[in-house]
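*Asks:*
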Amino acid sequence: MDGLVTIARQISALTYKNLVLAKRNYTSTFLRIFASLFFILLIYLCNEGIKARFSQESSVKDVPDPVPTEKHGIPDCIPKVEKGCVTFSYAPAPNNELSVYQLEGCLPCVPVSQLPDGQCDIDSNPASVFAVSLTRGTRYRVVRHAARCSECTRSVQLQNGTSADVVRGEWTSPYMEYTVPMQLVAHREIAKNVFLKDENFKVQIAIQEFAHPAFVVSTFEGQIAPLFLLACSMFPFVIQMNEIVAEKELKLRQVLSAMGLKDFSYWMSWHLFQSFMALLYSFLLVLFGMAFQFRLFLKNDFGILLITFWMFGQSMIGLAFLLGSFLRRAAQAVTVGFAVFLIAFIFYFVVVFGFPYGLGGDRAAEPLFSFFPPSLFVKNLADLGALTATDKDLGIRFSEAYSYCTINPNQCNPSYSVGTSWSWYIGLYVLYSLVGLYLENVLPDAMGVKKAPWYFLTPAYWGFTEAHIHDDPTFVIEESTDEDVLAEEASVKARANEEMKEEAAIEIRGLKQTFKRGGKPFHAVKAPWFAVAKNQLFALLGPNGAGKTTTINMLTGFLPPTAGNALVFGNTVAHPSGMNRVKRVIGICPQFDILWERLTAREHLIIFAIIKGIKPDSVYHEADKRIEEVRLNDAANQIAGSFSGGMKRRLSVAVSLIGNPSVVYLDEPTTGMDPINRRHVWDVIEAAKQDRCVVLTTHSMEEADILGDRIGIMAKGRLRCIGSSVRLKSRFGGGYRISVSCGDNMTKSLPHCIKIKEMFRKTFKVEVVEESKTYMHFNVPNTDDATLQSFFEQLESSRESLCIVDVQLSMSTLEDVFLNIAKQSEKEEALSMNRTANVTLKTGEVVGVLLGNEDELVSPAGVTFKVKWGTDEDGNL
Ligand SMILES: Nc1ncnc2c1ncn2[C@@H]1O[C@H](COP(=O)(O)OP(=O)(O)OP(=O)(O)O)[C@@H](O)[C@H]1O
1 MDGLVTIARQ ISALTYKNLV LAKRNYTSTF LRIFASLFFI LLIYLCNEGI KARFSQESSV
61 KDVPDPVPTE KHGIPDCIPK VEKGCVTFSY APAPNNELSV YQLEGCLPCV PVSQLPDGQC
121 DIDSNPASVF AVSLTRGTRY RVVRHAARCS ECTRSVQLQN GTSADVVRGE WTSPYMEYTV
181 PMQLVAHREI AKNVFLKDEN FKVQIAIQEF AHPAFVVSTF EGQIAPLFLL ACSMFPFVIQ
241 MNEIVAEKEL KLRQVLSAMG LKDFSYWMSW HLFQSFMALL YSFLLVLFGM AFQFRLFLKN
301 DFGILLITFW MFGQSMIGLA FLLGSFLRRA AQAVTVGFAV FLIAFIFYFV VVFGFPYGLG
361 GDRAAEPLFS FFPPSLFVKN LADLGALTAT DKDLGIRFSE AYSYCTINPN QCNPSYSVGT
421 SWSWYIGLYV LYSLVGLYLE NVLPDAMGVK KAPWYFLTPA YWGFTEAHIH DDPTFVIEES
481 TDEDVLAEEA SVKARANEEM KEEAAIEIRG LKQTFKRGGK PFHAVKAPWF AVAKNQLFAL
541 LGPNGAGKTT TINMLTGFLP PTAGNALVFG NTVAHPSGMN RVKRVIGICP QFDILWERLT
601 AREHLIIFAI IKGIKPDSVY HEADKRIEEV RLNDAANQIA GSFSGGMKRR LSVAVSLIGN
661 PSVVYLDEPT TGMDPINRRH VWDVIEAAKQ DRCVVLTTHS MEEADILGDR IGIMAKGRLR
721 CIGSSVRLKS RFGGGYRISV SCGDNMTKSL PHCIKIKEMF RKTFKVEVVE ESKTYMHFNV
781 PNTDDATLQS FFEQLESSRE SLCIVDVQLS MSTLEDVFLN IAKQSEKEEA LSMNRTANVT
841 LKTGEVVGVL LGNEDELVSP AGVTFKVKWG TDEDGNL
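Residues 1 to 877 in this note's numbering are what the sequence shown spells out, letter by letter.
Shown next, in the form of structure tokens:
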């Protein structure tokens with residue numbers, strides 16, 4: 001029951017988010033909702049254009065009592081309309097047939113004088129008649145090619161065009177207008193001149209059509225509707241594709257999921273919102289269609305239209321979800337969206353030409369086509385259009401959704417009626433959504449995480465058994481050499497098979513993460529063992545690529561561990577049900593701000609508060625409290641897109657603290673903040689750690705020094721040292737840092753600078769570690785007070801001769817510790833990989849030395865030497 005309440009509340013939070021975003025993106029929301037009006041307006045204009053082009057909609061007048069029309073001879077061309085037209089052309093027979101004279105005798109050409117000027121064309125060669133009609137189209141109304149005559153047979157060969165003539169919407173049949181009259185003339189002439197030899201002989205023919213009622217054929221329903229309505233209904237599809245992939249690209253789902261959002265709530269809210277938009281869109285489309293008085297919308301039942309448009313929209317939501325599961329970038333989604341749009345148009349032409357849903361179509365192809373919803377939709381639109389194409393048609397009533405085809409069996413295919421299509425649309429929506437959901441799980445997500453293809457068959461997925469954590473045999477772990485790391489490891493390992501220690505909030509038990517890099521395994525986190533206590537801030541430091549974020553990603557459920565495990569308040573992170581419990585007690589500030597640009601700071605906190613399960617009456621109070629904590633009061637109602645980098649980080653910190661989580665992960669929380677705000681956020685973190693465990697990663701040594709109760713430094717995936725700041729400094733800092741200044745313009749070659757370096761070399765055996773125009777810095781190992789005192793006396797006495805203006809002494813900093821550890825790890829890696837570098841000795845001899853080797857070495861020429869390794873700006877040796 002609790003689970004259902006949580007899901008309902010999470011869905012309501014995300015729906016609230018969607019509605020606020022829709023309100024804020026009002027231009028695109030307006031476009032999205034009212035695109036139907038735009039399309040209907042386009043259809044209207046197009047319809048008006050067609051009417052103007054054809055002077056009227058195709059109409060057939062009422063003919064209750066048809067009257068026969070007499071045909072007297074070949075009709076004249078209408079020279080104004082048909083330029084260069086010739087009514088009658090006479091071409092003699094080829095040479096192997098009767099001669100021209102015989103032909104003339106047999107059937108003379110209709111005397112030119114009886115035809116209007118220029119309308120009789122006599123050509124000596126039939127081939128040239130063909131040539132003329134080929135190049136100039138149907139120039140001739142009728143051609144009499146050849147005629148034969150013998151004692152008892154007279155034959156005539158006629159040729160005429162078969163295409164109908166359309167003049168401003170008036171259609172003329174070539175058979176009625178030309179062929180029959182020409183036959184009449186030919187027969188009359190034969191009878192008159194050959195058999196009867198009677199100049200006055202006449203023959204009369206009349207043509208009579210069938211009686212029929214009057215009707216108007218609409219160009220919209222008959223021709224335009226399916227194409228335009230398909231385009232109109234496909235429009236939201238491209239937007240849906242874009243929206244679903246954009247949230248994926250921002251990794252919003254992963255963060256929301258790590259904050260406790262259930263996947264079911266996320267998908268449900270997306271589908272509900274899209275369904276609502278599809279319903280609204282379809283409703284307005286039908287309304288606008290009715291307002292513009294299109295018969296398709298007026299005569300078909302409102303319910304039939306609304307359900308057909310909505311259900312089609314629903315099936316396209318499923319398709320968008322399915323295709324979206326293959327994509328990672330919003331730009332790709334737009335391209336794929338338009339590609340589907342284009343394919344739908346190709347299907348449109350195939351379907352309106354009658355394949356495969358036509359009465360003579362291929363039955364086997366019908367279901368195949370139906371799996372692509374636009375083809376079924378074109379069929380529906382064609383039916384809805386055909387059944388309202390004339391003003392006599394009544395359209396489809398709701399009760400006829402399945403049966404209208406049986407009422408008009410000659411018009412449509414009953415297997416794919418509008419009603420049957422609804423079931424198809426719903427079926428396709430469910431099918432595509434389920435396959436999309438499956439692919440979402442088995443294809444790599446934004447973090448590169450994917451589940452096994454049979455994941456839903458494993459009992460662990462349904463929370464019945466603990467997941468078996470496999471170890472990775474290819475994973476060879478180098479044993480740590482650091483005493484503190486070894487001691488920590490031993491202490492955590494000692495209770496690996498027991499319950500967690502009471503005071504520990506997190507126990508990391510050999511977490512491992514392996515990625516593929518260039519086809520080879522790359523071990524990003526190499527099985528560290530350590531614990532973080534309650535009420536403690538653990539600062540996790542390390543150079544870029546050390547594995548800090550990957551460790552946090554495993555602890556927060558973004559990434560399942562390749563091997564190993566970690567417990568958060570006794571719940572395993574390596575198991576879905578354990579992770580679900582972990583998600584209830586953690587807060588996260590990820591490395592990159594994952595915020596909705598168009599939501600205000602307050603709205604963010606309200607949504608996260610609901611997702612975290614805060615009681616409805618405390619949500620607003622909780623949001624305001626966190627806003628105050630990070631000093632965003634003045635910007636609380638400003639959208640996050642207008643925030644500076646520092647303000648966004650502060651909002652991310654506030655989000656991580658919402659709901660008072662017991663464990664908070666802060667991944668570089670103060671990046672991009674000015675010193676004043678950074679110090680303020682430190683105060684927030686300091687206050688926050690009082691009753692909870694905080695894991696902080698940072699590149700600011702000052703931050704780690706000030707906030708960290710315990711510090712761990714990782715490098716190359718391994719934990720290199722662990723302990724308090726003082727402990728680390730004393731063990732790895734090298735004791736003291738002495739900084740000497742000889743004025744504002746120091747250079748390496750100044751004689752007194754060289755002398756000062758010589759003094760340090762002689763007394764402490766150390767080299768300068770950092771040199772600027774104003775100071776030389778030396779790290780001096782722990783030494784007895786007497787040596788230190790005499791060295792300072794020596795410096796003091798040489799102050800004038802060496803131009804010394806300032807000397808500073810401090811304990812070595814955490815930064816020194818960090819640099820030492822980073823250098824050490826570089827050396828270890830270089831040694832393990834057997835990389836060499838060429839070193840030029842003072843004698844000029846060039847010797848290849850194993851990178852990182854600091855042993856005393858002897859060159860081939862017998863010179864004994866020792867190499868000291870430093871690191872460049874990128875941390876390389
Ligand atoms: N999804 C991934 N696929 C492949 N390699 C990855 C992936 N995520 C991280 N890595 C690699 O793992 C190593 C550790 O990365 P990680 O982000 O954990 O380092 P980090 O210590 O957080 O560094 P930074 O301080 O720069 O954030 C890096 O070499 C990184 O390139």
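Don't be surprised by glycine CBs; every beta carbon is placed ideally from N, CA and C.
With respect to the beta strand (DSSP E) encompassing A808, which residues constitute its N-terminal and C-terminal limits?
*Replies:* The sequence position of residue 808 within the sequence shown is 808, counting from 1. The amino acid occupying residue 808 in the given sequence is Gln; Ala does not appear at that position. It spans D806 to M811 - the beta strand (DSSP E) in which Q808 sits, taken as one unbroken run.
*Asks:* A563: beta carbon under 7 Å from a heavy atom of ligand 1?
*Replies:* Taking the sequence shown and counting its residues from 1, the one referred to as residue 563 is at position 563. Result no, Cβ not under 7 Å from ligand 1.
*Asks:* What does DSSP give as the partner residue(s) for Y404 in the beta ladder?
*Replies:* Stepping through the sequence shown from its first residue, residue 404 is reached at position 404. Looking at the DSSP assignment, Y404 forms no beta bridge with any residue, so it has no partner.
*Asks:* Measuring straight from C-alpha to C-alpha, what distance separates Q204 and Y348?
*Replies:* Residue 204 sits at position 204 when you count from the first residue of the sequence shown. Residue 348 sits at position 348 when you count from the first residue of the sequence shown. Cα to Cα, the separation comes out at about 49 Å.
*Asks:* Should the segment 425-443 be called in touch with the segment 309-321, which here means at least 3 C-beta pairs below 8 Å?
*Replies:* Touching, yes.
*Asks:* Would you call the segment 505-523 in contact with the segment 559-567, where contact means no fewer than 3 C-beta pairs closer than 8 Å?
*Replies:* Output reads yes: the segment 559-567 touches the segment 505-523.
*Asks:* Under the three-state reduction of DSSP, which class applies to D617: helix, strand or coil?
*Replies:* Counting from 1 along the sequence shown, the entry for residue 617 is found at position 617. Helix.
*Asks:* Where do the N-terminal and C-terminal ends of the alpha helix (DSSP H) with R253 fall, by residue?
*Replies:* Here residue 253 is taken as the residue at index 253 of the sequence shown, counted from 1. Looking at the DSSP string, the run of the alpha helix (DSSP H) that includes R253 is L252 to A258.
*Asks:* Assign R843 to buried or exposed, taking buried as 16 or more other Cβ atoms, counted over all protein chains shown, within 10 Å of its Cβ.
*Replies:* Numbered from 1 along the sequence shown, position 843 holds the residue referred to as residue 843. Note that residue 843 corresponds to Thr in the displayed sequence, not to Arg. Burial call: exposed.
*Asks:* Using the C-alpha atoms, what's the distance from T697 back to A333?
*Replies:* Residue 333 sits at position 333 when you count from the first residue of the sequence shown. Residue 697 sits at position 697 when you count from the first residue of the sequence shown. Near 35 Å, if we compare the C-alpha coordinates of T697 and A333.
*Asks:* Rounded to a whole number of angstroms, what is the C-alpha to C-alpha distance between A365 and E177?
*Replies:* As a first step, residue 365 must be located in the sequence shown, where it is residue number 365. As a first step, residue 177 must be located in the sequence shown, where it is residue number 177. Computed Cα separation, rounded: 42 Å.
*Asks:* Answer with buried or exposed for I224, where buried requires no fewer than 16 other C-beta atoms within 10 angstroms of its C-beta.
*Replies:* Here residue 224 refers to the residue found at position 224 when the sequence shown is read from its first residue. That one is buried.
*Asks:* Please state if the CB of G448 and the CB of G324 are separated by a distance shorter than 8 Å.
*Replies:* Indexing the sequence shown from 1 puts residue 324 at position 324. Indexing the sequence shown from 1 puts residue 448 at position 448. Not closer than 8 Å, so no.
*Asks:* Going by beta-carbon coordinates alone, are V807 and M776 separated by less than 8 Å?
*Replies:* Against the sequence shown, residue 807 aligns to sequence position 807. Against the sequence shown, residue 776 aligns to sequence position 776. No, these two residues do not count as a Cβ contact at 8 Å.
*Asks:* Identify, in the order they occur along the chain, each residue of the same chain with its Cβ nearer than 8 Å to the Cβ of Y879, setting aside the five sequence neighbours on each side.
*Replies:* There is no way to answer for residue 879, as the model of the chain reaches only from 1 to 877.
*Asks:* Provide the residue span of the alpha helix (DSSP H) that contains W424, from first to last.
*Replies:* Here residue 424 refers to the residue found at position 424 when the sequence shown is read from its first residue. From DSSP, the alpha helix (DSSP H) with W424 extends over V418 to V442.
*Asks:* Would you please state the rounded distance, in angstroms, between the beta carbons of M882 and I11? I believe it to be under 8 Å.
*Replies:* In the structure as shown, the chain starts at 1 and stops at 877, and residue 882 therefore has no counterpart that could be examined.
*Asks:* Can you name the start and end residues of the alpha helix (DSSP H) that M886 belongs to?
*Replies:* Here the chain comprises residues numbered 1 to 877, so residue 886 is not present and cannot be evaluated.
*Asks:* Below 7 Å, is the gap between the Cβ of K548 and the nearest heavy atom of ligand 1?
*Replies:* Here residue 548 corresponds to residue number 548 of the sequence shown, with the count starting at 1. Yes.
*Asks:* Assuming K299 is part of the alpha helix (DSSP H), what are its boundary residues?
*Replies:* Here residue 299 corresponds to residue number 299 of the sequence shown, with the count starting at 1. From DSSP, the alpha helix (DSSP H) with K299 extends over R295 to K299.
*Asks:* Going by C-alpha to C-alpha distance, which of R737, N745 and M746 sits closest to F764?
*Replies:* Against the sequence shown, residue 764 aligns to sequence position 764. Looking at the Cα atoms, R737 is the closest of the given residues.
*Asks:* What residue from L555, N47, A231 and F538 has the CA that sits closest to S218's CA?
*Replies:* By one-based count along the sequence shown, residue 218 stands at place 218. Of the candidates L555, N47, A231 and F538, the one whose C-alpha sits nearest the C-alpha of S218 is N47.
*Asks:* Rounded C-beta distance between L306 and P373? I'm assuming under 8 Å.
*Replies:* To locate residue 306, count along the sequence shown from 1; it is residue 306. To locate residue 373, count along the sequence shown from 1; it is residue 373. No, L306 and P373 are not in contact; Cβ-Cβ is about 17 Å, not under 8 Å.
*Asks:* Please report the straight-line C-alpha distance between A291 and Y281, rounded to a whole angstrom.
*Replies:* Reading the sequence shown from its first residue, position 291 is the one you call residue 291. Reading the sequence shown from its first residue, position 281 is the one you call residue 281. C-alpha separation (whole angstroms): 15 Å.
*Asks:* Give me the Cα-Cα distance between F522 and V769, rounded to the nearest whole angstrom.
*Replies:* Here residue 522 refers to the residue found at position 522 of the sequence shown. Here residue 769 refers to the residue found at position 769 of the sequence shown. Roughly 33 Å between the two C-alpha positions.
*Asks:* Mind checking whether the beta-carbon of Q240 lies closer than 7 Å to any heavy atom of ligand 1?
*Replies:* Within the sequence shown, numbered from 1, the residue matching residue 240 stands at position 240. Incorrect: Q240 has no Cβ contact closer than 7 Å to ligand 1.
*Asks:* Between L657 and R626, is the Cβ-Cβ spacing less than 8 Å?
*Replies:* As a first step, residue 657 must be located in the sequence shown, where it is residue number 657. As a first step, residue 626 must be located in the sequence shown, where it is residue number 626. Taking 8 Å as the Cβ cut-off, L657 and R626 qualify as a contacting pair.
*Asks:* For E749, which of helix, strand or coil comes out of DSSP?
*Replies:* Counted from its first residue, the sequence shown places residue 749 at position 749. Checking the displayed sequence, the identity of residue 749 turns out to be Ser instead of Glu. S749 falls in the coil class under three-state DSSP.
*Asks:* By the three-class DSSP mapping on this structure, what secondary structure does S739 have?
*Replies:* As a working note, residue 739 is residue 739 in the sequence shown. In the structure shown, S739 sits in a strand (DSSP, three-state: E or B).
*Asks:* Determine contact between the segment 530-542 and the segment 577-585, defined as no fewer than three beta-carbon pairs at a distance below 8 Å.
*Replies:* Because the criterion of three Cβ pairs below 8 Å is not met, the segment 530-542 and the segment 577-585 do not touch.
*Asks:* Using a Cβ-Cβ cut-off of 8 Å (strictly less than) and excluding sequence neighbours within five positions of E703, which residues of its own chain qualify?
*Replies:* As a working mapping, residue 703 is identified with position 703 in the sequence shown. Taken in chain order, the residues that qualify are A539, T670, R678, W682 and L696.
*Asks:* Are Q789 and M759 touching if we call contact CB-CB under 8 Å?
*Replies:* Position 789 of the sequence shown, counted from the start, is the residue given in the question as residue 789. Position 759 of the sequence shown, counted from the start, is the residue given in the question as residue 759. Not closer than 8 Å, so no.
*Asks:* Just tell me which of A640, K762 and G848 has its CA closest to the CA of R24.
*Replies:* Position 24 of the sequence shown holds residue 24. When each option's Cα is compared against that of R24, the closest is A640.
*Asks:* Can you tell me whether V203 is helix, strand or coil according to DSSP?
*Replies:* Sequence index remark: in the sequence shown, residue 203 carries index 203 (1-based). Three-state result, V203: coil.
*Asks:* Does L19 pass the burial test, meaning 16 or more other C-beta atoms within 10 Å, or should it be called exposed?
*Replies:* Position 19 of the sequence shown, counting from 1, holds the residue named residue 19. Per the 10 Å Cβ criterion, exposed.
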